[in-house]
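A short write-up of the structure that comes next.
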Amino acid sequence: MSAVSGFDVERIRKDFPVLTRELPGGRPLVYLDSGNSSQKPAQVVETMRDHLTWHYGNVGRALHVLGSESTVAYEEARDKIAAFVGAPSRDEIVFTKNASEALNLVAYAFGNPVGEDERFRMGPGDEIVISEMEHHSNIVPWQLLAQRTGATLRWFPVTDEGRLDVEGLEELVNERTKIVSIAHQSNVLGTVNSVSPILARAREVGALMMLDASQSVPHQAVDVAELGVDFVAFTGHKMVGPSGIGVLWGRRELLDAMPPFLGGGEMIEAVWMDHSTYAPVPHKFEAGTPPIVEAIGLGAAVDYLNAVGMDQIKAHEKELVAYALEALPEIPGLRIIGPRTPIARGGTISFTLEGIHPHDVGQILDDVYGIAVRVGHHCARPLHLRFGIPATTRASFYLYNTTAEIDALVRGLHHVQKVFG
Amino acid sequence: MYQELILEHYKHPQGRGLREPFDAEVHHVNPTCGDELTLRVKVADGGKVLDVSYDGQGCSISQAAASVLHELATGSTVDESLSVVEEFTRLMQGRGQVEPDEDVLGDAVAFAGVAKFPARVKCALLAWMAYKDALMRSQG
Ligand SMILES: Cc1ncc(COP(=O)(O)O)c(C=O)c1O
Chain A
1 MSAVSGFDVE RIRKDFPVLT RELPGGRPLV YLDSGNSSQK PAQVVETMRD HLTWHYGNVG
61 RALHVLGSES TVAYEEARDK IAAFVGAPSR DEIVFTKNAS EALNLVAYAF GNPVGEDERF
121 RMGPGDEIVI SEMEHHSNIV PWQLLAQRTG ATLRWFPVTD EGRLDVEGLE ELVNERTKIV
181 SIAHQSNVLG TVNSVSPILA RAREVGALMM LDASQSVPHQ AVDVAELGVD FVAFTGHKMV
241 GPSGIGVLWG RRELLDAMPP FLGGGEMIEA VWMDHSTYAP VPHKFEAGTP PIVEAIGLGA
301 AVDYLNAVGM DQIKAHEKEL VAYALEALPE IPGLRIIGPR TPIARGGTIS FTLEGIHPHD
361 VGQILDDVYG IAVRVGHHCA RPLHLRFGIP ATTRASFYLY NTTAEIDALV RGLHHVQKVF
421 G
Chain B
1001 MYQELILEHY KHPQGRGLRE PFDAEVHHVN PTCGDELTLR VKVADGGKVL DVSYDGQGCS
1061 ISQAAASVLH ELATGSTVDE SLSVVEEFTR LMQGRGQVEP DEDVLGDAVA FAGVAKFPAR
1121 VKCALLAWMA YKDALMRSQG
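Top line first, the protein sequences correspond to chains A and B.
Going by the numbering used here, 43 is the number at position 43 of the first sequence; the sequence numbering is gapless.
Going by the numbering used here, 1116 is the number at position 116 of the second sequence; the sequence numbering is gapless.
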């Protein structure tokens, strides 16, 4: 039982049958890789199963009972997600296949001859601002955009402590900046970035601002209206939902002004042989048959998270990360990459063990103890280059993790040191 | 997977360090995990491998594999060592289903367990692929 009042981690664990799994050799599963992808509660699986078994039809285009049941469930999922992130309008929730697609969707709106809006015009002399702590999904789409348009890609550096270095904010975000896109929470450092100073500067210079909230929406209450940015991307599989579904939230007025992304069925209003007109948002951005059951599953995931309570989840994770930040540094040669205090950071801890490659750490933890962590650069290679290391080991916590699992990790790491010492 | 022999080679790498003279130098990386290896070969006119020298960073599997390769290849011939590379590659790509030929592989047979871990096969092969590449270049 967690010390967070009313939060019963043992009861929550019962909703995730996989957590009771015994791996070959009698190792109990210790899942510390939710930053990569989270496990799914029975409620989500059952909702998807029920829909596939009894209600499935295509959405938006079938008149029969099944088609309308599917359409209703799909659109209800949109309502749930809109409410979950405080979207002023349900039409501002665009379903994508993941966060990467949501980020690309926005990047492709810039410098696109199909669009006419001044804010999305981009060419040589214009600037795009990201940061050194981004996931490749929030780097590569902007590199491609810069290549297509001749615009310049720039970035915030990261401090030794693993915080965004905003010292040069005034110069970095300037009159030439068209878009700033940064992580709300880093998938490596755990750092939660303070949005308001950067947003204030973006507004001053007339730039748009996007947040990659893939690592924040699963772990804390996020209110897009309160944040005040223009676009937010997140992904279903990290928030107890299925893979294959992601979300772009955008301000209605901007989504209206943007050109379509993919062309196809359902995104049109009318089609002639030589041109088309487009459906209103969000459908303008949802070409083809969408991930219907995945969206419905994400709706169920949001119901689940709401029932537990996002504030409770955040408090529980804070407790876990504080515990881990105390316990891990006791291991000789362990260096945490990221903030060492449980302030403005989430439940993701990356570290190196002196003289031992993360691959070997991860392999021993898995083989001997059934502990699942992630090893490598976690799709954030530039950040690892910044710290002068090729790779790290990352433990990431979620609502179903316990301090006992952190104890197991610490025991495992001591054993790793014995093997390679 | 972590056979004693692998750990020994990892802790006490044989022939590590880049040496002169050499006929060819290659640099291979494993982009998914950041393992890196620079490798040089020196071959005599008769096809005898005089030296395989290397330097790099990476996990125990990748580094131990380089050390074992150094021991097996140095002093053998180009043809002999290429047949060991071939057998090692066959073993690594066999998903744990391949019965290794110990006579050909010698110490490298200790890596048989790695073949069951698809994510690690590339680590074991890094040095061996680099060696093959370097030989090709040295033969020009
Ligand atoms: C910060 C961050 N951004 C983007 C992504 C990409 O998410 P997806 O792979 O679902 O597109 C991830 C997760 O992998 C992430 O952690």
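By construction, the Cβ of each residue, glycine as well, lies at the ideal position given by its N, Cα and C atoms.
In this text, all values refer to a predicted model and were calculated from it rather than measured experimentally.
- Within the same chain, and ignoring the five residues on either side of A:ASP223 in sequence, the residues whose Cβ sits closer than 6 Å to its Cβ are GLY86.
- DSSP, reduced to helix, strand and coil, places A:ALA391 outside both helices and strands of the structure shown, so it counts as coil.
- Collapsing the DSSP output to three states places A:LYS314 in a helix.
- Between A:ALA372 and A:LEU29, the C-beta gap is smaller than 9 Å, which places the two residues in contact.
- An exposed status is given to A:SER89, since fewer than 16 other beta-carbon atoms sit within 10 Å of its beta-carbon.
- Taking CB atoms only, A:VAL375 has a neighbour in chain B less than 9 Å away.
- Taking C-alpha positions only, B:TRP1128 is separated from B:ALA1119 by approximately 17 Å.
- Here DSSP, grouped into helix, strand and coil, assigns A:GLY250 to strand.
- Within the segment 1040–1075 of chain B, complete beta strand (DSSP E) segments of at least 3 residues are found at 1049–1057, given in chain order.
- When A:GLN43, A:GLN185, A:GLY236, A:ARG119 are compared, the shortest CA-CA separation from A:GLU101 is found for A:GLY236.
- In its chain, beyond the 5 residues on either side, PHE420 have a beta carbon closer than 6 Å to the beta carbon of A:ILE356.
- For A:GLN143, there are no neighbours in chain B by C-beta distance under 9 Å, as the nearest C-beta there is about 17 Å away.
- Residue nearest to A:ILE349 within the set A:HIS136, A:SER70, A:GLU161, A:ALA62 is A:GLU161 (criterion: CA-CA distance).
- From the beta-carbon of B:SER1067, no residue of chain A is found nearer than 8 Å; the closest lies around 15 Å away.
- The C-alpha of A:ARG386 lies about 17 Å from the C-alpha of B:GLN1057.
- Listed along the chain, the chain B residues whose CB falls inside 8 Å of the CB of A:PRO390 are CYS1033, GLY1034, ASP1035, GLU1036, GLN1057, GLY1058.
- Beta bridge pairing from DSSP links B:HIS1027 with B:THR1038.
- Under the Cβ criterion of 9 Å, A:GLN215 is not counted among the residues facing chain B.
- Excluding its 5 nearest sequence neighbours in each direction, A:LEU23 has C-beta neighbours in its own chain below 7 Å: LEU29, GLY370, listed in chain order.
- Between A:TYR400 and A:ASP15, the C-beta gap is smaller than 9 Å, which places the two residues in contact.
- Close CB contacts of A:GLN143 within its chain, under the 8 Å cut and outside five residues either way in sequence, are with LEU153 (chain order).
- In the DSSP annotation of this structure, the continuous segment of the alpha helix (DSSP H) that includes A:LEU103 starts and ends at 99–107.
- In the DSSP assignment, A:ASP212 falls outside any alpha helix (DSSP H) and lies within the beta strand (DSSP E) extending over 208–212.
- For B:MET1001, the nearest CB of chain A lies under 9 Å from its own CB, placing it at the interface with that chain.
- Not flagged as an interface residue toward chain B: A:PHE387, since no C-beta distance is shorter than 9 Å.
- A residue is called buried once 16 or more other Cβ atoms fall within 10 Å of its Cβ, and B:THR1032, having fewer, is exposed.
- Looking at A:THR149, A:ALA109, A:ASP117, A:VAL140, the one whose alpha-carbon comes closest to that of A:PRO124 is A:THR149.
- For A:GLU354, the closest alpha carbon among the candidates A:ALA183, A:ASP407, A:GLN417, A:ALA408 is that of A:GLN417.
- The beta carbon of B:ARG1120 sits closer than 9 Å to some beta carbon of chain A.
- Neighbourhood of A:HIS357 in chain B, by CB distance below 7 Å: GLY1058, CYS1059, SER1060, in chain order.
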